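For reference, the structure discussed in these notes is given below.
Right, dumping it as structure tokens:
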């Protein structure tokens, strides 16, 4: 038996880091797509003409469509081109059955219209307590009002928020803090079938053209007038710019002034960081902030994007998916108006050097209180290996575990067989699909079936989920609200309720606070979109709480047992 001196020596070594304490096993992911009853398949319409939109894929939205507290799934679909044999290409709405399975309720939902769809964003634009759905597309977008009972009606024409062109990412936000959700819509390039250009890599066969071949398109900003209608405020807000070739949109308050800013990831054009000027206008500060270009001053091919306080600094940083040979960007917010790309000197840059990342997002998948990074990858050229033998068309995703102190480890290979599978992935979103408290993943595949991945092991750590409900001057979804919790594990990073992010997709709105081994929260702090602050004392882990602005906790729902 060791004596007291030996035990003291071991304790000293542990404290000094010479002996590593046992770390809990990280979660793994299990593909439950078939078992869950998800039979959706994306149709990109490819028939040999190599039309540009065929390479882009489409997204998925994870949201509680019927208000029962369980996250449902909406898959956007594209379609066959005019003059070609028609193939099944409807979007799909799946209702969560609360037992690990989903039911396809598309036919009666009103969301089944066929169009060349790209992305989706979900937000309660009329503040009636039901989430509405906006679908971006090539040639005209759709706004669907939620009527309750998994029924939606197309209000595009009446709303004036249809837009046109080649729309991609979208995000609901209350940029003027009037309590009504407005809508930012990114657009890509000025492409139509009639304007299609012939490009070739070998001088003989047509290939997919790069975005440099086409002119860009300005994003759109729709201001909510409060009567079911929107006005196009793009020019008035100062963001009309036909040089953009935008794909990803992320909401953040980068300067912590209480007003939502917008980051736009551009493909072969400088990124944009639109600073909210508090008067209904925005100013692009991306160049001055250091997020417009890479370190060499070159614009990258930006795809998806997300924002989060990953380093517990109290400031939101950015992760941006880029083309192969460009690396993922991890722009750390320095707090002085500047960002620094931390990826090249760490595991993220090394791992993503050859991959082409479309979707990327921050998600605390192991519930240790530190946001991790997930990236969905896949090339745009199916013959890329002939030109670049080290680059493949289908690619495995990346999962980067946040170790703290701004450091990440790539743990993809150790996270289950599904994350080792090579995919032509495009969109990605997270949500607690089985009600056990940890975030699951959904990945879309271009011209293929999606993958629904269950998180196995995240719930070994404790968590508290918080659904925020705005009242009065704040929008009902509390988009733009920030919250953090204090527990025995310490004070969490600030989390923001947001739409958009990732690539053409949207994750769930409730906030999940990973608590590690802490079983209770001593304090919850909330900064509401209208600028008011609220503090709540005490809540147990292992549940979802609903917090209403000015009232406090109005509902508590225990997590379900893991199935």
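In our numbering, the protein residues as written are 116 to 678. Even for Gly, the Cβ is constructed at its ideal location relative to N, Cα and C. Here the structure is a predicted model, which is why all the values come from computation and not from measurement.
With 16 or more other Cβ atoms inside 10 Å of its own Cβ, residue 298 counts as buried. With respect to the C-alpha of residue 649, the residue from 258, 458, 584 having the closest C-alpha is 584. Boundaries for residue 542: no alpha helix (DSSP H) harbours it, while the beta strand (DSSP E) harbouring it runs 540-546, taken from the DSSP string. Beta-carbon to beta-carbon, residue 507 and residue 494 are separated by about 7 Å, close enough to satisfy the 8 Å threshold. Under the three-state reduction of DSSP output, residue 577 falls in the strand class. Taking residue 354 as the centre and dropping the five residues before and after it, the same chain places the C-beta of 334, 336, 389, 397 closer than 7 Å to its C-beta, in chain order.
Looking at 266, 275, 246, 245, the one whose alpha-carbon comes closest to that of residue 257 is 275. Beyond the five residues adjoining it in sequence on each side, residue 455 comes within less than 8 Å, by CB distance, of 405, 446, 447, 449 in the same chain, given in chain order. Residue nearest to residue 627 within the set 350, 443, 166, 660 is 660 (criterion: CA-CA distance). Three or more beta-carbon pairs separated by less than 8 Å link the stretch 267-287 to the stretch 232-245, which places the two stretches in contact.
With respect to the 8 Å criterion, residue 550 and residue 675 are classified as neighbours on the basis of their beta carbons. The three-state secondary structure of residue 525, taken from DSSP, is strand. Comparing alpha-carbon positions, the option among 643, 580, 163 lying closest to residue 321 turns out to be 163. Annotation for residue 368: 374, 375, 376, 431 place their beta carbon closer than 7 Å to its own, counting only its chain and skipping 5 residues before and after. One thing to note: residue 542 has its Cβ within 8 Å of the Cβ of residue 618. The beta carbons of residue 640 and residue 587 sit no closer together than 8 Å. With contacts defined as CB atoms closer than 8 Å, residue 419 and residue 363 qualify as a contacting pair. For residue 145, the enclosing beta strand (DSSP E) has its first and last residue at 143-146. Membership of residue 516 in the beta strand (DSSP E) is indicated by the continuous run 513-519. Taking each of 636, 323, 638, 489 in turn and checking the Cα distance to residue 554, the smallest one comes out for 489. Residue 534 and residue 548 do not touch by the CB rule: their CB atoms are close to 17 Å apart, not below 8 Å. Membership of residue 273 in any beta strand (DSSP E) is not indicated; the residue belongs instead to the alpha helix (DSSP H) covering 271-274. Between the stretch 556-573 and the stretch 142-155, the count of Cβ pairs shorter than 8 Å is three or higher; the stretches touch. Within the DSSP secondary-structure output, residue 668 pairs in a beta bridge with 662.
Residue 202 carries a coil assignment under DSSP once its states are collapsed to helix, strand and coil.
Among the bridge pairs identified by DSSP, residue 611 is matched with 597. Apart from the 5 residues on each side of it in sequence, residue 308 sits with its Cβ closer than 8 Å to the Cβ of 166, 196, 197 in its chain, given in chain order. In this structure, residue 191 sits away from residue 622, with a CB-CB distance that is not shorter than 8 Å.
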